Each structure stands twice: as structure tokens, then as C-alpha cells.
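A short worksheet on the structure shown next.
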Amino acid sequence: MYNFVCPLIVYGDNSLDYIAQIKGNKAFIVTDKNIVKLGLIKHVTDQLDAKKIKWEIFDEVEAEPSTDTIRKGGVAVGKYQPDWVIGVGGGSCMDAAKAVILLLARPELKPEELSINFDFNFREKARLMAIPTTSGTGSEASWAIVLTDTKDNYKIGLGTPEDMPDVAILDPVMVMGMPPQVTADTGMDVICQAIEAYISSWGTSLTAGPALIATRLALEYLPRAYKDGNDVDARREMMNAAMMGGLSGSNSMFGLGHGTGHALGAIFHIPHGRTVGLFLPYTLEYIINDSEEATTKIAEIARYCGLIAESDKECAKALIAKIRALAKEIKQPLSVKDCGIDKAKYEKEMPGLISRALNEIMTMTAPRVPGTEDLDKLFRYAYEGKSIDF
Ligand SMILES: [Fe+2]
């Protein structure tokens, strides 16, 4: 038996107008200071004001939110007792909103306990809305919560299908001002998530559809959104692609690019999308060197994206080459060295990189699961920018 968990998805121009249709009295908005400063939050609060819904803002979310921040947010939401929690921002803000609404229902729990091991039933108190301001994690259509345990520099994967948002609003007005660097970083996450969800050993025919379409949209529209932030068609399609990647991955799982990218990001503090996008071509090479079944799946994606070659392996390689070319076009690093990481420092952190990658569930759900030795080699090849030949 499988479940496919999905929010109500409101998308396209003026979709924030949907807020006029919600019922409620008090909204607790979870966001960051930059979203407030940019005035983006006003698009949401104006709608709430028009509907005479009171609101309070918790704007302390940082990139890769810490368990400390979530604890604070949990206390604030407990005091306010809203009937809506609205996450506005990138994946960090939306993940924080999910964690906060779980704490509203179970304030006695620690942030690191917000998992499938508990029942929450938070809808007896409040409902959850997610409004993305980036096109990346697709957190608006995912129940995953990624927090950082600041003590050990560990990223913790949390969440339960219960915290899939009730409503996700994809209004292009919220992403129009995104700077090119953020567009590139988050866009690489879309591609990585979509491809990894498609080839995940937990994937199904229901998760395959959105993953396939998300990949094609992102390969086509990411360069456009990067070059011209005001290209509204590109922004709209990247929003849709991000949501579909998150939706697909949340109902299957991501893979080795995430397992290795998470490890690098946690230790060297590099944005999520940049690291997983960097590792994606290497990990796909690693997979096609061993798994015929996965190679066929990667070839299916390639053909759907218009990359035709004689054999499955050649098709898969064409997709990998396309990802590298796109990354280059949008000025993303092609190797760990390109990230400006000192070799000696990297060497020193190798045991930590390997153990983190080994402990990631996303490493386990990849079609080819590496052990310590292969991870050691993979991290070294990725540092130098060498194609994987093992
Ligand atoms: Fe991701």
C-alpha cells in the first residue's frame, strides 16, 4: 500500500488572491528578516488585512534553520494560538513553519523529535499554508523538514506526512526579484530533486510523472530565469517545476547527490542547491557504471528532455553532459575545488564527509548504494572535477 500526499496547489498569476477564500481569525507567519525587508511579506499581509485576519510575524528563521530557532518559534506560536501557520520564504522558512505547527500541537516535544514517531493532529488547532519565494526545494509540496543541529553541524531530516501543507500558493510575484545567484543555486536543486526522485528505489509511477516534467521544465527554463529575472514565463515554470520536484521526492525519496551534497553543505556551509547540483553529475556517473536498470531510467529522462542517442548509456551520458553544461552556463561550480575549498581542509574533513553521507537515508535509496571506500573515491574525484570511472 502506498500513499501520495499532496497539498491543494494554487498556482499562476495572482494566486495569492486565494487567501481571500480562507476561513480563520489569526495567522502566524514564519519567515526571515530579508523577506520582510524586501516587502514580499506585504503581498501576504495585505491579503490577510483585507480579510480581517489578524497576523503575527516570526522572522527569525535563518538559512538551514537551527533547532534553537525552531524552539523559539514553538514558544511564540504557543503564545499566539493561531488558526493558520503560514510559511513564507525559501525552503528554510517553509520547513520552519512545518516544525512550528507541529510544536503548536505537541509543545512538550523537542524540535529534533518532530518525526513520524509521533501523532500530532495539529489540524484540530490550525492549518498550514506554504508560500515559496524561491524555486528550489519544493518544500511547499513536501512534508520533509531539514533542521541543523548547531552543536554537531549535523543536518537532521525530520517531518511526518501529517505536516504536508494544506495549501501551497505559487504566485510568480513572490520570486520575480530573486537574484541570479539564488536562482542558480535553488534551480540546481530542482534538477537534482526531480532526477533523483525519478530514479529513487522508492519511486512509483505516481511520483515518476511530476519528476519527469519537472526535469524538462527546469532544464529549459532555469537558464532563462537566470539570465532575465523578469522573464515571468520562466519564473512561473520554475516555480511549477520546483513544486513538482518536491512533491515527487516527498512521495518517494531523493538520492546520492543529496546524500553527498548534504554532507559537504553541513561541513563547509555552502547553499543546499549548489552542493547537491555539484554532486549530481558525479553520482549519476557512479550509478550508470553499475546499474543497468537505473541507466535505463536516466535514459528515459534524457529522451523525454530531447536528448537522443543510440544506447541507454549514451542517452544517460548525454543528460549528465547537459547538466554540466547548464551548471557552467549559470556559473555554478563544477567541482568541489571550484567552491573555493582548500584541499588540505577537505582532506581533513574526509572522515566526516563520508560518515555523514553514509548516514543519510537518501544515500540508501539511490539505485546504487556506495560503501566507505567508494564514497572516499567519489568525494576525491568530485574535488578534482574528475569523471567517475568506477
Ligand atoms: Fe534538495
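Residues 8 to 397 in my numbering are what the sequence shown spells out, letter by letter. Using N, Cα and C, we set each Cβ at its ideal position, and we do this for glycine too. Owing to the predicted nature of the structure, the values given are computational and were not obtained by experimental measurement.
- 8 Å or more divides the Cβ of residue 186 from the Cβ of residue 337.
- Between residue 279 and residue 196, the C-beta gap is smaller than 8 Å, which places the two residues in contact.
- For secondary structure counted as the alpha helix (DSSP H) over 4 or more consecutive residues, the segment 37–66 holds these complete runs in sequence order: 40–44, 47–57.
- Judged by DSSP secondary structure, residue 155 falls within the beta strand (DSSP E) whose first and last residues are 152–156.
- Beta-bridge partners assigned by DSSP to residue 223: none are found.
- Between the alpha carbons of residue 117 and residue 100 lies a gap of roughly 18 Å.
- Of 152, 141, 114, the smallest CA-CA separation from residue 123 is found for 152.
- Its Cα nearest to that of residue 342, the residue 281 stands out among 262, 204, 281, 10.
- Taking every protein chain shown into account, the CB of residue 44 has fewer than 16 other CB atoms within 10 angstroms, so this residue is exposed.
- Here residue 139 is bridged, per DSSP, to 96.
- Contact check between the segment 61–70 and the segment 22–39: three or more CB pairs, one atom from each, fall below 8 Å, which counts as touching.
- The three-state secondary structure of residue 363, taken from DSSP, is helix.
- In this structure, residue 54 has its beta carbon at no less than 7 Å from each heavy atom of ligand 1.
- Distance from the CA atom of residue 129 to the CA atom of residue 252, rounded to whole angstroms, is 26 Å.
- For residue 102, the shortest C-beta to heavy atom distance toward ligand 1 is 7 Å or greater.
- With fewer than 16 other beta carbons inside 10 angstroms of its own, residue 332 counts as exposed.
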